[in-house]
């Protein structure tokens, strides 16, 4: 007779366990179609469980159609038609493990100095207010408190005048790129900086969006190739181009605005880490000097607060807001209310500005220490440092003829995570230049970093 | 001579204010190309500010290219070429305000009983642990703690065996629908339930995805029209179809699995509120009985915890995991680590299950009270209640001939927010049936709700 063993430390109701076992035996066809099941009373006695346990299990099986009942006769396995048995070997994917390096000069890291206690104080404040806005779906554009805080921050920080109802909060920049694709349509052609961030092109690829790579000169993206392309939307980071660190001068900016206006196109201005420019004040965004509603401004808290935050925002020109409501108005906001409200308080109470200033100061010292150590090293004569004010990285040009692929292999072998300038070019090339992101270093491991760099370049 | 007034309560450095004013005058072409600016010393004296203020402002303007310097002569406005002046009238969009209703029988609301103090205790616990995982970018699939907690919850709750590394956390179901489109390709054809949730088709529309509507019979989505369509992916909610409340019996489930296997297609099983079925245990998901890796399971915390949370998850069949890594491996996780870790603790420490049970109990009582009140009302003889165990809503069929459009207009006029069953059909029709979502009611306003319903249907 059908029997099951109940484990001693069962973490679920017994009827559920019994139900699952019978169900699985039906699915696995151990129990045959129309096979009679034991009567409830006998089954309970045999299994040494209460009658109600068996009754509940049978009722659930009945409800789901796994068994049927005939009055005064009993319970039977339903004659179910199953799909064919699987023949394909199932594959199993392990979580990919991050590689361990002795020194990481590649990954951005702004986390270590996150003001935990302040943030936690604000969280408690927000929670204890038990504001009802914590429990309702955030408005589509994002919580008004946060949009107001961002608007004020942008004004104080670089003189931008942005009404809160043109700001859209989203779960990361990639999420917002996707929204923009859906907003501007799949048929329009984009232009990307070459070199530039590689993740943007991946978002376009996966969405089957056509785009052209446009080269840079010393002022940033070049106008002539852009004009000769069929692109109508150009994606740039004028304040601080990655990885070259180029700051686009005002005339090139005006030329780009002119191009956008003439082509009825748009400029996506990615201002993702203008806060960390180490010299001078942050530059006026294109958005600020645009008089024709052709600039879409983007920025993120993942770089300034911590990569663990998934929160970015974009500012649409007024002319795109009604299109946004019309085409994408059905989407819910993708960031939770609580997190938005806490970040809003963080900005409003002045902690965000303090945090940025503290971090800039910290990175300036870190960079100076690192550059000093480089200057005193054996390799200093054979390298050239460039764009050291660009942000959290600089360029290091070296004078031996190891190819970029080889130098990365060599780096990996000695436990150094590093990128080459050529990694950010569309076409493979050798530029004999490393992109050194020092944000993950600490004073304690600068000398190890120099050691490994020396080993790498000697 | 050029002059500016400094406001008394200036919230930014004076040099910044001065810089912005000059910059704006250059952009607005109040200052002419090659116009000479006052010397630093004279300007400082005239403005009654320190020399360093003017120096800093000029330096920033120089850096950005707004002005140029001629040695021993002074500073001049750069001869910039501006885009043409705007001619288009700018439009301005106000934040859309939610309409105010006296009674809302349309909107889902599970928020009021959110365990604030427990959640806040967990947040403090997580924060005080200062775990480094709070500060790093969450793994692509989501934080392991949360995926493990979900895996265990699914096992305890409905016997599902899901390895954590097939679970993907995302910022809401719409976000995950978008990921699935990118994963499965833009060319494949989808099938949707008719009637069904309307937001899914909007996501497909905006992505230019082809889909067919498939009608339902009393067992759920119909197989024959599905087989005759060219669809390879079907999007269903078998545990609890919205809005009809249909629970798909096992044979239809098996037939669908067979269909998916034969067509090498996929079933997207949207289990979005199976937790709130008010009778019996939650039904075994299709995912659980699928033996051919053809089911993608989706669920969300926005329904069970609070709509203010933007957190959903999906479980991919093993066969799709490697495709996911290959095609979408570049995307960052879209939910912040902190929120994920707190929800993980909420589940692991048993609060999630308690919360669900408490809410089910609460809704059961609320529904019973509401139905009792309906039974005692004047309209009870002329209406029929259906599917009252479906979840947080039931269907109310009425016997007068007012069209669905008219009844909604009448409802709006008396301050009642309500939907018709026909709202969820692809083609306009009159079904004389309301979908009553009672989750936002409280015992205090049941009688008002009955009053308004009576007024509406009499």
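Chains as they are written, first to last, in my numbering: chain L, 50 to 507; chain R, 50 to 507. Don't be surprised by glycine CBs; every beta carbon is placed ideally from N, CA and C.
{"Query": "If you check the beta carbons only, do residue 359(L) and residue 309(R) fall under 8 Å apart?", "Result": "no"}
{"Query": "In the DSSP assignment, find the unbroken alpha helix (DSSP H) run with residue 417(L) in it and report its ends.", "Result": "400-424"}
{"Query": "Could you tell me which chain L residues have their CB closer than 7 Å to the CB of residue 380(R), listed as they occur along the chain?", "Result": "223"}
{"Query": "So if DSSP puts residue 479(L) in a beta bridge, which residue, or which two residues, is it bridged to?", "Result": "DSSP lists no partner for residue 479(L)."}
{"Query": "Determine the extent of the beta strand (DSSP E) in which residue 256(R) is found, giving its start and end residues.", "Result": "Premise fails: residue 256(R) is in no beta strand (DSSP E) and is neither H nor E."}
{"Query": "Could you tell me the distance, in whole angstroms, from the CA atom of residue 213(R) to the CA atom of residue 349(R)?", "Result": "16 Å"}
{"Query": "Assuming contact is defined by CB atoms lying nearer than 8 Å, are residue 300(L) and residue 191(R) in contact in what I supplied?", "Result": "no"}
{"Query": "Could you tell me which uninterrupted beta strand (DSSP E) segments, each at least 3 residues in length, are contained entirely in the region 164-225 of chain R, listed from first to last along the chain?", "Result": "216-219"}
{"Query": "Please report the straight-line C-alpha distance between residue 429(L) and residue 292(L), rounded to a whole angstrom.", "Result": "22 Å"}
{"Query": "By the DSSP assignment, the beta strand (DSSP E) with residue 118(R) in it spans what residues?", "Result": "116-119"}
{"Query": "Label residue 132(L) either buried or exposed according to how many other C-beta atoms from any shown protein chain fall within 10 Å of its C-beta, with 16 as the threshold for buried.", "Result": "buried"}
{"Query": "Examine the Cβ distances between the region 271-290 of chain L and the region 304-321 of chain L and report whether three or more of them are shorter than 8 Å.", "Result": "yes"}
{"Query": "Any beta carbon from chain L within less than 8 Å of residue 58(R)'s own beta carbon?", "Result": "no"}
{"Query": "Can at least three beta-carbon pairs, one atom from the region 104-124 of chain L and one from the region 411-431 of chain L, be found at a separation below 8 Å?", "Result": "no"}
{"Query": "Would you kindly work out how many angstroms separate the C-alpha atoms of residue 405(L) and residue 353(L), rounded to a whole number?", "Result": "7 Å"}
{"Query": "If you draw a straight line from the C-alpha of residue 337(R) to the C-alpha of residue 416(R), how long is it?", "Result": "30 Å"}
{"Query": "Determine, for residue 79(L), whether the minimum Cβ-Cβ distance to residues of chain R falls below 8 Å.", "Result": "no"}
{"Query": "Just by C-beta distance, which residues in the region 169-180 of chain L are closer than 9 Å to chain R?", "Result": "169, 172, 173, 176, 177 and 179"}
{"Query": "Which residues in chain B have a C-beta closer than 8 Å to the C-beta of residue 314(R)? List them in chain order.", "Result": "The structure shown contains no chain B; the protein chains it does contain are L and R."}
{"Query": "Distance check for residue 497(L) and residue 361(R), CA to CA, integer angstroms please.", "Result": "43 Å"}
{"Query": "Between which two residues does the beta strand (DSSP E) harbouring residue 243(L) extend?", "Result": "239-243"}
{"Query": "Taking the alpha helix (DSSP H) that residue 377(L) falls in, what are its first and last residues?", "Result": "367-377"}
{"Query": "Give a yes or no on whether the minimum CB-CB distance between residue 208(L) and chain R is below 8 Å.", "Result": "yes"}
{"Query": "What are the boundary residues of the beta strand (DSSP E) that residue 265(R) is part of?", "Result": "260-266"}
{"Query": "By Cβ distance below 6 Å, which residues in the same chain neighbour residue 137(R) in space, the five residues on each side in sequence not counted?", "Result": "For residue 137(R), the pLDDT reaches just 40, beneath the cut-off of 50, and the residue's location in the model is therefore unreliable, leaving the point undetermined."}
{"Query": "Can you check whether the C-beta of residue 318(R) is within less than 8 Å of a C-beta belonging to chain L?", "Result": "no"}
{"Query": "If you draw a straight line from the C-alpha of residue 494(L) to the C-alpha of residue 152(L), how long is it?", "Result": "8 Å"}
{"Query": "Hey, is the region 230-249 of chain L in contact with the region 467-481 of chain L, meaning 3+ C-beta pairs nearer than 8 Å?", "Result": "yes"}
{"Query": "Any beta-carbon of chain R closer than 8 Å to the one on residue 307(L)?", "Result": "yes"}
{"Query": "Figure out for me which residue from 376(R), 233(R), 268(R) and 386(R) has the closest Cα to the Cα of residue 314(R).", "Result": "233(R)"}
{"Query": "Can you check whether the C-beta of residue 355(L) is within less than 8 Å of a C-beta belonging to chain R?", "Result": "yes"}
{"Query": "Helix, strand or coil, according to DSSP, for residue 139(R) in the structure here?", "Result": "Legend: pLDDT at residue 139(R) = 41, less than 50; position of this residue unreliable, no value from coordinates given."}
{"Query": "Three-state secondary structure (DSSP) at residue 486(R)?", "Result": "strand"}
{"Query": "Report all residues from its chain with a CB closer than 8 Å to the CB of residue 271(L); omit the five preceding and five following residues, and keep chain order.", "Result": "263, 264 and 265"}
{"Query": "Measuring straight from C-alpha to C-alpha, what distance separates residue 155(L) and residue 464(L)?", "Result": "12 Å"}
{"Query": "For residue 346(R), does the three-state DSSP call read helix, strand or coil?", "Result": "strand"}
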